[in-house]
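See structure below.
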Amino acid sequence: MKKLAKLMVVLAISLFLSCSSDDGGSSTSGDAIIGKWKFVSGTENGVAQVLDECDLMEKTEFKTNGDFIAEDYDLENGDCVLQDPNEPGLTITTKWVKVADNSYEVKFFVNGQENPMKLAFTTVFSNNNNTVTTTATEEDGDIVVSVLEKV
């Protein structure tokens, strides 16, 4: 479960963290969020986040089939190393859904079972849909704003 918690923290920093209900979602075909994104900048409660070289390597991908993939890199022995949230006996997968205009949710599945923790966020697209600004409120009330660019 430590790996699930770490993955959630990574996603929160990279994008968003909040709770929302799922109304079944709507079609993802042609949605502007589809694609691979890199983290460019962010704030938490209005304070700029300091990015290191590993943060700048991290990517998130929203696939048309609803899969959500987050690449998390940590500094190990001077190198940025891609982390795997899975370990023996623990498999974590994530799916995304659009819950309303400019509102999305990422659901976590642990060993195939949906976990009650969810990530929810709102978006504002700019730069011909090549930049997205996400906003989320964490469970503790912190407001996280992230800017991502399409890769």
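Using my numbering, the letters of the sequence shown map in sequence onto residues 2 to 152. Ideal Cβ positions, reconstructed from N, Cα and C, are used throughout, including at glycine.
If we count the other Cβ atoms within 10 Å of its Cβ and call it buried at 16 or more, is I93 buried or exposed? buried
The beta strand (DSSP E) enclosing D80, as first and last residue numbers: D80 to L83
How long is the line joining the alpha carbons of D141 and I35, rounded to whole angstroms? 29 Å
Under DSSP, the alpha helix (DSSP H) around D75 begins and ends at which residues? Segment Y74 to E77 is the beta strand (DSSP E) holding D75; no alpha helix (DSSP H) there.
Please name the residue, chosen from L120, F109, V145 and N103, that lies closest to S127 on a Cα-to-Cα basis. N103
Helix, strand or coil at E59 [DSSP, three-state]: coil
Output the distance between the C-alpha atoms of D143 and E45, rounded to the nearest integer angstrom. 7 Å
Distance, N78 Cα to K39 Cα: 24 Å
Pair within 9 Å by beta-carbon distance, T132 and Y105: no
For A121, does the count of other Cβ atoms within 10 angstroms reach 16, so buried, or fall short, so exposed? buried
Element boundaries [beta strand (DSSP E), containing E45]: G36 to E45
Which partner residues of Q114 appear in the DSSP bridge assignment? V111
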